[in-house]
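Numbering (the UniProt record's numbering), first residue to last: 1 to 326.
This is the structure we're talking about:
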């Protein structure tokens, strides 16, 4: 089903912050998590629940979270995973728990951001018009962070030249998603299901945002609601940046092309020749990232290994996409 047939809309009623849940995924960064939880305490209004999904951290994350129990009271929900399921697994679990709490709105974020004090109110106002909303972020240094909110579906890659500015409407339509700030209504989650934990990291939010955009009018709004609290080595290209990566990311960015292909095929959007071009472009981009940002050529083996494993996933005819919740 597409937005041109029967689009899903949020309830046409004033936003109630008590129906919202902030779902945070964390792993071995208790210091950053503390900054985020402190910022949530300073919010006005605050959400009905604050949910922390801990990906089996080996630091003092459990003690840190429990130290906030008295200040948050029943608002705070803590879920410690038995193993590290990656960002994809953490957000899938966070979405599931928030949904089971009865949340109307689920606001996803990593542990390396802070929330602007009136951020939830800003998102809620847009939530009265749209069912899938992405706010904006400040970078670590206070500059405006640009996120590539449009995907070329045939190629399966972000469009780097999508306009950064906004017109008087205050929003731009998007067909992607970012779990660092995705604000989504439960009616959408019901129809597309939970995020797929098999991604582990990378492309999981892009695919999930694309699925949402097939059902409803998804938008990025000109509202700064988050600020990054972790500095990342990057290549500054003006409005755009190219961040440093890791061998794990390099593997999954290529391997998960296979999962993306399965989703595109299941929804009739897979174009073999063009998708292959997009995969080659992704590989080339990672080579540029290695040489221009990290000043090395070490790590290419992880790209090749991920590409090989992604092809195996793409050929798996038993692969099933995540089912709807209703």
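We put the beta carbon where it would ideally sit given N, CA and C, even for glycine.
I need the DSSP call for residue 95, collapsed to helix, strand or coil.
Locating residue 95 in the chain shown gives position 95, where the first residue counts as 1. The three-state reading of DSSP puts residue 95 in helix, counting H, G and I together.
Grouping DSSP H, G and I as helix and E and B as strand, with all else coil, what is residue 153?
The residue given as residue 153 occupies position 153 in the chain shown. Note: residue 153 maps to coil in three-state DSSP.
Nearest-angstrom Cα separation, counted from residue 80 out to residue 260:
Translated into positions along the chain shown, residue 260 becomes position 260. Translated into positions along the chain shown, residue 80 becomes position 80. C-alpha of residue 260 to C-alpha of residue 80: approximately 28 Å in a straight line.
For the 8 Å Cβ check, are there 3 or more pairs between the stretch 190 to 209 and the stretch 109 to 120?
Verdict: no, contact absent.
Within the continuous beta strand (DSSP E) that includes residue 50, where are the two ends?
Translated into positions along the chain shown, residue 50 becomes position 50. It spans 49 to 54 - the beta strand (DSSP E) in which residue 50 sits, taken as one unbroken run.
Rounded to the nearest angstrom, how far is the Cβ of residue 108 from that of residue 174, given a contact under 8 Å?
Within the chain shown, the letter at position 108 stands for residue 108. Within the chain shown, the letter at position 174 stands for residue 174. Contact doesn't hold; Cβ gap of about 15 Å is too wide.
Span of the beta strand (DSSP E), counted from its first residue to its last, around residue 137
Here residue 137 is taken as the residue at index 137 of the chain shown, counted from 1. Element bounds for residue 137: 132 to 138.
Report the rounded CA-to-CA distance for residue 56 versus residue 169, giving the unit in angstroms.
Residue 56 sits at position 56 when you count from the first residue of the chain shown. Residue 169 sits at position 169 when you count from the first residue of the chain shown. Per the coordinates, the alpha-carbon of residue 56 lies some 42 Å from the alpha-carbon of residue 169.
Within this structure, are the beta carbons of residue 300 and residue 262 separated by less than 8 Å?
Reading the chain shown from its first residue, position 300 is the one you call residue 300. Reading the chain shown from its first residue, position 262 is the one you call residue 262. At the C-beta level, residue 300 and residue 262 stay beyond 8 Å of one another.
Any idea what DSSP makes of residue 249, helix, strand or coil?
As a position in the chain shown, residue 249 is number 249, starting the count at 1. DSSP places residue 249 within a helical segment (H, G or I) once states are collapsed to three.
Under the rule that 16 or more other beta-carbon atoms within 10 Å means buried, what is residue 75, buried or exposed?
Taking the chain shown and counting its residues from 1, one reaches residue 75 at position 75. Flag for residue 75 reads buried.
Bounding residues of the alpha helix (DSSP H) (the contiguous stretch that carries residue 263)
Locating residue 263 in the chain shown gives position 263, counting from the first residue. Unbroken alpha helix (DSSP H) run through residue 263: 257 to 266.
Quick check on residue 8: does DSSP put it in helix, strand or coil?
Start at 1 with the first residue of the chain shown, and residue 8 comes out as number 8. Per DSSP, reduced to three states, the secondary structure at residue 8 is coil, with no helix or strand assignment.
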